[in-house]
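From first to last, the protein sequence lines stand for chains A and B. 1 is the number of the first residue of the first sequence in my numbering; add one for each residue after it. 109 is the number of the first residue of the second sequence in my numbering; add one for each residue after it. All C-beta atoms, glycine included, are put in the ideal place defined by N, C-alpha and C. Predicted, not measured: the structure shown is a model, and the values here were computed from it. Below is one structure, written out as structure tokens; the observations come after it.
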Amino acid sequence: GIQVEQSPPDLILQEGANSTLRCNFSDSVNNLQWFHQNPWGQLINLFYIPSGTKQNGRLSATTVATERYSLLYISSSQTTDSGVYFCAVVQAGTALIFGKGTTLSVSS
Amino acid sequence: DTAVSQTPKYLVTQMGNDKSIKCEQNLGHDTMYWYKQDSKKFLKIMFSYNNKELIINETVPNRFSPKSPDKAHLNLHINSLELGDSAVYFCASANTRFGTGELFFGEGSRLTVL
């Protein structure tokens with residue numbers, strides 16, 4: 001089956017710093033989503049982005065489907081950005097397959 | 109109004125017991141899922157239903173039985189609970205089959221088996 005690799009596994013930032021999270025996948029996909037799991041365990045949809053670039057406030061994402069990767073950019077990080085960021089992909093006929101996540105800690 | 113809601117949010121039970129988790133979505137979606145998140149935060153698909161029909165059944169012990177009375181509800185029943193069943197179970201829904209549409213998750217149900 002498809003492999004989803006996220007990097008880095010852990011990231012520690014000071015408030016105000018910028019960061020880039022990466023998601024590599026091993027085969028072509030029909031869907032790619034980024035999620036944030038907050039410290040209370042909720043899975044929050046960030047982006048539905050099978051290809052192209054999207055922006056939402058301080059967050060943006062780019063997926064280059066032909067090169068099988070996606071990037072999540074977080075600018076001017078805040079303590080509320082802490083948590084685990086998951087990339088998940090779908091191939092035709094399957095369900096969303098998750099990477100192992102990037103754990104982000106933002107300190108003030 | 110919560111889009112995907114699960115009950116209960118917490119279950120604590122003894123080994124060998126049977127328990128159920130209920131899920132309801134008010135998004136009008138046709139497809140619903142159960143995912144399991146283990147202690148290392150890894151999320152894995154268990155089942156998927158499209159309009160009450162089982163379409164994905166990963167290698168899950170047959171002690172786990174999903175039931176979908178209608179396309180807005182997907183329940184998970186677990187028989188003879190084992191220590192290894194302790195996890196957070198997430199329900200999700202999407203408006204297309206096989207996950208090609210955006211997936212929305214419930215808040216999770218944390219199961220602890222003692």
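Counting only Cβ pairs nearer than 9 Å, list the residues of chain A close to B/E224. With chain B represented from 109 up to 222, any question about residue 224 of chain B goes unanswered, as that position is not in the structure.
Residue-level contact to chain A via CB, B/I129, 7 Å cutoff: The sequence position of residue 129 of chain B within the second sequence is 21, counting from 1. Not an interface residue.
Per DSSP, what kind of secondary structure is A/T102 in: helix, strand or coil? Residue mapping note: residue 102 of chain A aligns to position 102 of the first sequence, counting from 1. Looking at A/T102 - three-state DSSP - the assignment turns out to be strand.
Report the neighbours of B/E215 on chain A: residues whose CB is nearer than 7 Å to its CB, in chain order. Position 107 of the second sequence, counted from the start, is the residue given in the question as residue 215 of chain B. In chain order: Q42.
Is B/Q133 buried or exposed, if buried means 16 or more other CB atoms sit within 10 Å of its CB? In the second sequence, counting from the first residue as 1, residue 133 of chain B sits at position 25. So B/Q133 counts as buried.
Going by CA-CA distance only, name the one from B/G136, B/D138 and B/P174 that's closest to B/M154. Residue numbering aside, residue 154 of chain B sits at position 46 when the second sequence is read from its first letter. The shortest C-alpha separation from B/M154 is found at B/P174.
Rounded to whole angstroms, what's the CA-CA distance from B/N158 to B/M140? Just pull it up for me. Numbered from 1 along the second sequence, position 50 holds the residue referred to as residue 158 of chain B. Numbered from 1 along the second sequence, position 32 holds the residue referred to as residue 140 of chain B. So the alpha carbons of these two residues sit roughly 7 Å apart.
Within the same chain, show all residues whose beta-carbon is closer than 7 Å to that of B/A195, passing over the 5 residues directly before and after it, in chain order. Counted from its first residue, the second sequence places residue 195 of chain B at position 87. K144, Q145, D146 and L219.
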